[in-house]
Amino acid sequence: MRRLMLASLCLVAGCGAAEEKKAEAPAAAAMGAGQWETAFETTAFRSTDGKTPMLKAAVGDKATSSACIAAGTDSKPEPAVLVGPDYKCSYQPGSYVKSGRINAQLTCTRGGKGPINVSISGTSTADTLDATAETTSYLPGDGDFTMKQTITAKRTGPTCQAPAPGADGNQTADKAA
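Take any residue in the sequence shown, count from 1 to its spot, add 1365: that is its number in this note's numbering.
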């Protein structure tokens, strides 16, 4: 009798676990190609050298931008999706966007000044991104800063919008990220 009860409990427990596994959606291999809309919110900002920071930002600042992820570049998407359009960035070795995770180290310049190091960590699907960014500048002169931001992005279409004449294809609203 005891064995029958234990066997019944094992079967019930096993069925419940199988149903839970079915309900979990598998993570996408990478962010999907197409047009993306990204929202940034500054959660921390301060000068690191006691001088006026090169970047004008404050806690609570919000910005949005639009950028394109070209087909075939989804494992290392256009940096503008991750940091905004005002930065020129390159990925550092070991950075990745795969299996629903993002762990990227970018070295950037802004307005020709830098280096500005950005570390991004979060999760992604083919259509969404939720991440945090920690930014630290190492400028040749005054104005170094450190900043933390939350990043949320969504794919707004499977194809990229054509940039306006003379534009780089990225738009910002509110304050720059």
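Even for Gly, the Cβ is constructed at its ideal location relative to N, Cα and C.
If you're wondering where the values come from, they're calculated on a predicted model, not measured in any experiment.
By DSSP's assignment, glutamine 1470 forms a beta bridge with Ser1484.
Ranked by Cα distance from aspartate 1492, the options Gly1522, Gly1437, Thr1511 are led by Gly1522. Each residue's CA atom was taken as its position, placing serine 1464 and alanine 1395 some 6 Å apart.
Around the beta carbon of alanine 1527, a 10 Å sphere encloses fewer than 16 other beta carbons of the protein chains shown; the residue is thus reported as exposed. Listed as beta-bridge partners of glycine 1522 by DSSP are Gln1400.
Taking all protein chains shown into account, tyrosine 1452 has 16 or more neighbouring C-beta atoms within 10 Å of its C-beta and is therefore buried.
Per DSSP, alanine 1496 is one residue of the beta strand (DSSP E) stretching across 1493-1502. By the criterion of a C-beta distance shorter than 6 Å, proline 1418 is surrounded in its chain by Ser1412, Gly1508, Phe1510, once the five residues flanking it on both sides are discounted. By the 16-neighbour rule on beta-carbons within 10 angstroms, glycine 1449 is buried.
For proline 1444, the enclosing alpha helix (DSSP H) covers residues 1444-1448. In terms of Cβ geometry, serine 1484 and leucine 1471 form a close pair [threshold 9 Å].
Residue state for methionine 1512 is assigned as strand, using DSSP reduced to three classes.
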